[in-house]
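Participant: From first to last, the protein sequence lines are chains A and B. For the first sequence, this note's numbering begins at 4 and goes up steadily by one. For the second sequence, this note's numbering begins at 10 and goes up steadily by one. Idealized CB from N, CA, C, for every residue including glycine.
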Amino acid sequence: MNKNTHSNPKKEEFWLDLDNAAKIFPAVRSSEHTTVFRISAVLKQTIRISSLLKAVSELEKRFPYFRVSLRRGFFWYYLESAKQHFITEPDHSRLCRAFDKSERNSLLFRVLAHRDHISVEFSHILTDGAGAYYFLKLLLINYFRNLGIKVDNKEDDQADEPFRREESEDAYNRYFQREIPSAIKLTKAFHIPFTLKSKPRFDVLSAILPLHEIRQKAGEKKVSITEYLVAVYLYVLQEIYEDQPQHSFARKRKTLRIQVPVNLRKIYPSGTLRNFSLFILPEMDLQLGHYNFDEVIKLVYHKMQLETDRKLINKIISRNVGIERKIYVRSIPLFLKSMILHMKYYSEGVDQYSGVVTNLGKVELPAEISDYIDYFVFIPPPPNKKLKINCSVIGFNDKLALSFGNISNSRKLEQKFLRFLSGQGIGVKLIPNR
Amino acid sequence: MKKICPNCKVELDDHMENCPLCNYSVKESPESDAGSNDTVSAGMGDDFISGYERLSTVQRRKLFWELSGIILFSGIMVTLIIDLVTSKGITWSKYTITACLVLFANFTLLTFWRHRLFILFGGSLMFSSLLLLLLDLYNLKIGWSIKLGIPILLSFYIVVFVLTMLVRSAKRKGLNVLAYFFMAIGIFSLCIEGSISEYLLKEIRLSWSLILLVSMIPIAAILSFIHYRLNKGIELNRFFHI
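1) Counting only Cβ-Cβ distances shorter than 8 angstroms, please list the residues of the region 158-184 of chain B near chain A, keeping chain order.
2) Scan the region 103-118 of chain A for residues whose Cβ lies nearer than 8 angstroms to a Cβ of chain B and list them as they occur along the chain.
3) So that I know if they touch, is there some Cβ in chain D lying closer than 8 angstroms to that of GLU26 of chain B?
4) Between the Cα of TYR81 of chain A and the Cα atoms of A:TYR68, A:ASP246, A:SER251, A:GLN249, which residue gives the shortest distance?
5) What whole-angstrom Cβ distance do ILE217 of chain A and LYS432 of chain A have, given they're in contact under 8 angstroms?
6) For a contact defined as C-beta to C-beta under 9 angstroms, what are the partners of ILE3 of chain A on chain B?
7) Tell me whether VAL207 of chain A sits in a helix, a strand or coil according to DSSP, three-state version.
8) CA-CA distance, LEU267 of chain A and GLU367 of chain A?
9) Where does the unbroken beta strand (DSSP E) through HIS120 of chain A begin, and where does it stop?
10) Residue range of the beta strand (DSSP E) that CYS394 of chain A falls in?
11) Label ILE106 of chain B either buried or exposed according to how many other C-beta atoms from any shown protein chain fall within 10 Å of its C-beta, with 16 as the threshold for buried.
12) From which residue to which residue does the alpha helix (DSSP H) around GLN219 of chain A run?
13) Check each candidate in A:ILE187, A:LYS340, A:VAL31, A:ARG113 and name the one with the smallest Cα separation from ILE319 of chain A.
14) Take GLN48 of chain A as the anchor and find which of A:PHE147, A:PHE138, A:ASP94, A:LYS57 has the nearest alpha-carbon.
15) Three-state secondary structure (DSSP) at SER96 of chain B?
16) Could you give the DSSP three-state label for LEU215 of chain B: helix, strand or coil?
17) Taking Cβ positions only, does PHE249 of chain B come closer than 8 angstroms to chain A?
18) Is the beta carbon of SER72 of chain A less than 8 angstroms from the beta carbon of SER109 of chain A?
19) Indicate the three-state DSSP secondary structure (helix, strand or coil) for ASN362 of chain A in the structure shown.
20) Taking only runs of the alpha helix (DSSP H) that begin and end inside the region 268-297 of chain A, which ones reach a length of at least 4 residues, in chain order?
21) Where does ALA473 of chain A fall in DSSP's three states?
22) Using beta-carbon positions only, say whether HIS236 of chain B and ALA188 of chain B come within less than 8 angstroms of one another.
23) Could you round the C-beta distance between HIS120 of chain A and PHE28 of chain A to whole angstroms and report it? I think they count as a contact, below 8 angstroms.
24) Here's the rule I'm using: 16 or more other beta-carbon atoms within 10 Å means buried, otherwise exposed. How should ALA116 of chain A be labelled?
25) Looking only at C-alpha atoms, which of A:VAL380, A:ASP354, A:TYR375, A:GLY358 sits nearest to LYS365 of chain A?
26) State the CB to CB distance for the pair SER101 of chain A and VAL39 of chain A, rounded to an integer number of angstroms; the pair is presumed to be in contact (CB under 8 angstroms).
27) Closer than 8 angstroms between beta carbons: that is the criterion. Which residues of the region 73-107 of chain A meet it against chain B?
28) Any beta carbon from chain B within less than 8 angstroms of ARG467 of chain A's own beta carbon?
29) For a quick check, are the C-beta atoms of LYS36 of chain B and ASP23 of chain B less than 8 angstroms apart?
30) For a quick check, are the C-beta atoms of ASP131 of chain A and PHE282 of chain A less than 8 angstroms apart?
31) Please compile the residues from chain B whose C-beta is within a distance smaller than 8 angstroms of the C-beta of SER334 of chain A.
32) How is HIS124 of chain B classed by DSSP in three states: helix, strand or coil?
33) By Cβ distance, which residues of its chain are closer than 8 angstroms to LEU403 of chain A, with the 5 residues on each side in sequence left out?
34) Once DSSP output is grouped into helix, strand and coil, what is the label at ASN7 of chain A?
35) Just tell me which of A:ILE372, A:ASP246, A:LYS26, A:ALA135 has its CA closest to the CA of LYS153 of chain A.
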């Protein structure tokens, strides 16, 4: 599994290994825990459907490594070129719904259209937020070109080939270094004790915040927007923890820890459009007492600065890739491997953190089309049963969209979070998801 | 005025009759009245479609049933008249008349109850058994039909019924259908030999049919393996990559 060169997306028929991060998802995905996320561009005008359909079909040659379906091998899952063309669907169904497992040619992403919302939903098996965002960006450029707007996209227009081979690589393997000690195992973290909703569980609450206001607030504390929002999340989790009865089971775990995905393309040079992100885990230990917001900010800031160090990231890559390279792991048949991965995911992985905050960053589009788009929304994949709630963020112009995915019966976390922000003088406006 | 799909709320081109996303006919939509003249003119090409192509599948099936009825009843009348003229009575024509009537009964079942497998198979078995019984009866005594013909017919219908159910329930059809078919041949041959030996020797003795069945098992197994594990176009290095 240390090589990903047995694939050639230029050929009509090709296949790819799953990248290191994607390997877990087929084992843990279900109709509820779909591992599918969504990015939507909300236009200022109604979508002209013929232009969108043309734009989608134009992207087939540009993204051959997304025209794949998931197949079961004897030892590993793999991606195989599919006959199914890129299609656009009406956006009437559930958000981030699962992709069909039984259909041989079914793709792992979909383009959706409704009124003024152009959305893409990707399975995490295929790519991460950065890959999906790049796809949506080119889709929007093509769409507006088809509407007759002249758009400069220097990066793609000047390329000799429709895509760079590097885009389909497993960059984790490229940057794997042997003989680096593995990361230390973490203590179990607090989980919010809310009850689960009945199926279908996944629900999303999205809000728009003025970007300049939140930037100003983060600036006052001398932290980034991500660090500021992670601190708010931890602070709110602390409130929920303290709301629990003194001797309740929920209070047994006293560590609050947030999983914050980091786009590794910013640390390691790679043009891959498959998964290439890792997590850092800012935390606070409630055994040490109550933290005020400034203390939380300080903790988060230093932890984030420390853990985005390249050497420490190397250590996590080394642990993750090192495991999949071990011969005894490789030789386990897939059905057993999937069972083990499923158990490990719930018994170890999910136990380590209390929440997820994903910031996709600020969307940068060619100036010619920016005026036609109102804002972007990034909806996280449905959280697992232990986590229950997760959060994602995306910015565009002066609008920062905050989305909470929730499978529980309570909106307490979102209420506390948004009230905290409005208490800081930041305007919060709830928005529909489509 | 813009033409908007009332379901997806997206803007359609003027020439579009249906929303390409949800297939909603915009002619039905009051919001798209402004575009309705265009959509009517876009559908003028329909006039060139022949009458047959305009029929629905059910109508086409009914047409075939009517045609087969006309042909079979014409055949009955023609053979009956020839028999009456040449033999001064009903002699050989009773065979063709019976066969045509049973054939028509089967066509009727296929036309109207093709999705109701129990009615289709049960009815067809009943009519075909009746055919064998009548053919036997025309020789003035009932002999082979009950002891040999109907048991073989019954086993044939059971095997075909099970085969149909299996094929229908298969999510993906390919070499697995061939595997089912080979197994069905093996099992049916077992039934044939069993019925013949019971009829002739008064005991069930199996020989050639067992060999046939045993030979079919590995063929069906290989076909199933190829179908379910090594699908069309798959390469072993993909499947077994480690």
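Facilitator: Here's the rundown:
1) Taking 8 angstroms as the Cβ-Cβ cut-off against chain A, the residues of the region 158-184 of chain B that qualify are LYS180, ARG181.
2) From the region 103-118 of chain A, only SER105, ARG107, ALA116, HIS117, ARG118 have a Cβ closer than 8 angstroms to chain B.
3) Of the protein chains in the structure, A and B, none is chain D.
4) Reading the first sequence from its first residue, position 78 is the one you call residue 81 of chain A. Among A:TYR68, A:ASP246, A:SER251, A:GLN249, the Cα nearest to that of TYR81 of chain A is on A:TYR68.
5) Counting from one through the first sequence, the residue named residue 217 of chain A turns up at place 214. Counting from one through the first sequence, the residue named residue 432 of chain A turns up at place 429. By a beta-carbon distance limit of 8 angstroms, ILE217 of chain A does not contact LYS432 of chain A. Their separation comes to about 13 angstroms.
6) Absent from the structure is residue 3 of chain A, since the part of chain A shown begins at 4 and ends at 437.
7) For the purposes of this step, residue 207 of chain A is identified with residue 204 of the first sequence, where counting begins at 1. If DSSP states are grouped into helix, strand and coil, VAL207 of chain A belongs with the strands.
8) Reading the first sequence from its first residue, position 264 is the one you call residue 267 of chain A. Reading the first sequence from its first residue, position 364 is the one you call residue 367 of chain A. Rounded to the nearest whole angstrom, the C-alpha separation of LEU267 of chain A and GLU367 of chain A is 18 angstroms.
9) The count along the first sequence starts at 1 and reaches residue 120 of chain A at position 117. For HIS120 of chain A, the uninterrupted beta strand (DSSP E) run begins and ends at 120-126, by DSSP.
10) Within the first sequence, residue 394 of chain A is the residue found at index 391, counting from 1. Per DSSP, CYS394 of chain A belongs to the beta strand (DSSP E) from 392-399.
11) Within the second sequence, the letter at position 97 stands for residue 106 of chain B. Answer is buried; the Cβ neighbour count reaches 16.
12) Within the first sequence, residue 219 of chain A is the residue found at index 216, counting from 1. For GLN219 of chain A, the enclosing alpha helix (DSSP H) begins and ends at 214-223.
13) Mapped onto the first sequence, residue 319 of chain A falls at position 316. For ILE319 of chain A, the closest C-alpha among the options A:ILE187, A:LYS340, A:VAL31, A:ARG113 is that of A:ILE187.
14) Mapped onto the first sequence, residue 48 of chain A falls at position 45. Minimum Cα distance to GLN48 of chain A is reached at A:PHE147.
15) Position 87 of the second sequence, counted from the start, is the residue given in the question as residue 96 of chain B. In the three-state reduction of the DSSP assignment, SER96 of chain B falls in the helix class, which pools H, G and I.
16) Counted from its first residue, the second sequence places residue 215 of chain B at position 206. Of the three classes helix, strand and coil, the one that applies to LEU215 of chain B here is coil, per DSSP.
17) The residue given as residue 249 of chain B occupies position 240 in the second sequence. So, interface residue.
18) Taking the first residue of the first sequence as 1, we reach residue 72 of chain A at position 69. Taking the first residue of the first sequence as 1, we reach residue 109 of chain A at position 106. Their beta carbons are under 8 angstroms apart, which means SER72 of chain A touches SER109 of chain A by this criterion.
19) Taking the first sequence and counting its residues from 1, one reaches residue 362 of chain A at position 359. Three-state result, ASN362 of chain A: strand.
20) Counting whole runs of 4 or more residues, the region 268-297 of chain A contains no alpha helix (DSSP H) stretch at all.
21) Because chain A spans 4 through 437 in this model, residue 473 of chain A falls outside it and cannot be assessed.
22) Position 227 of the second sequence holds residue 236 of chain B. Position 179 of the second sequence holds residue 188 of chain B. One thing to note: HIS236 of chain B has its Cβ within 8 angstroms of the Cβ of ALA188 of chain B.
23) Taking the first residue of the first sequence as 1, we reach residue 120 of chain A at position 117. Taking the first residue of the first sequence as 1, we reach residue 28 of chain A at position 25. That belief does not hold up - the Cβ atoms of HIS120 of chain A and PHE28 of chain A are roughly 26 angstroms apart, past 8 angstroms.
24) Indexing the first sequence from 1 puts residue 116 of chain A at position 113. Label assigned to ALA116 of chain A: buried.
25) Residue 365 of chain A sits at position 362 when you count from the first residue of the first sequence. Comparing Cα-Cα distances from LYS365 of chain A to each of A:VAL380, A:ASP354, A:TYR375, A:GLY358, the minimum goes to A:VAL380.
26) Translated into positions along the first sequence, residue 101 of chain A becomes position 98. Translated into positions along the first sequence, residue 39 of chain A becomes position 36. Looking at the sequence itself, residue 101 of chain A is Ala, so the reference to Ser does not match. With 8 angstroms as the limit, ALA101 of chain A and VAL39 of chain A qualify as a contact, their Cβ atoms being about 7 angstroms apart.
27) Listed by position along the chain: ARG74, GLY76, PHE77, PHE78, TRP79, TYR81, GLU83, THR91, GLU92, PRO93, ASP94, HIS95, SER105, ARG107.
28) This structure does not reach residue 467 of chain A, given that chain A is present from 4 up to 437, and the question cannot be answered.
29) As a first step, residue 36 of chain B must be located in the second sequence, where it is residue number 27. As a first step, residue 23 of chain B must be located in the second sequence, where it is residue number 14. Cβ distance not < 8 angstroms, so LYS36 of chain B and ASP23 of chain B don't count as in contact.
30) Reading the first sequence from its first residue, position 128 is the one you call residue 131 of chain A. Reading the first sequence from its first residue, position 279 is the one you call residue 282 of chain A. No, the Cβ-Cβ distance between ASP131 of chain A and PHE282 of chain A is not below 8 angstroms.
31) Taking the first sequence and counting its residues from 1, one reaches residue 334 of chain A at position 331. Here the neighbours are ILE251.
32) Against the second sequence, residue 124 of chain B aligns to sequence position 115. DSSP places HIS124 of chain B in coil when its eight states are reduced to three.
33) Sequence index remark: in the first sequence, residue 403 of chain A carries index 400 (1-based). Taken in chain order, the residues that qualify are ILE211, LEU212, PRO213, LEU214, ILE217, ILE228, VAL396, ILE397.
34) Residue mapping note: residue 7 of chain A aligns to position 4 of the first sequence, counting from 1. For ASN7 of chain A, the predicted model reports a pLDDT of 45, less than 50, meaning its position is unreliable and no value from the coordinates is stated.
35) What you label residue 153 of chain A is simply residue 150 of the first sequence in a count that begins at 1. With distances taken between Cα atoms, LYS153 of chain A lies closest to A:ILE372.
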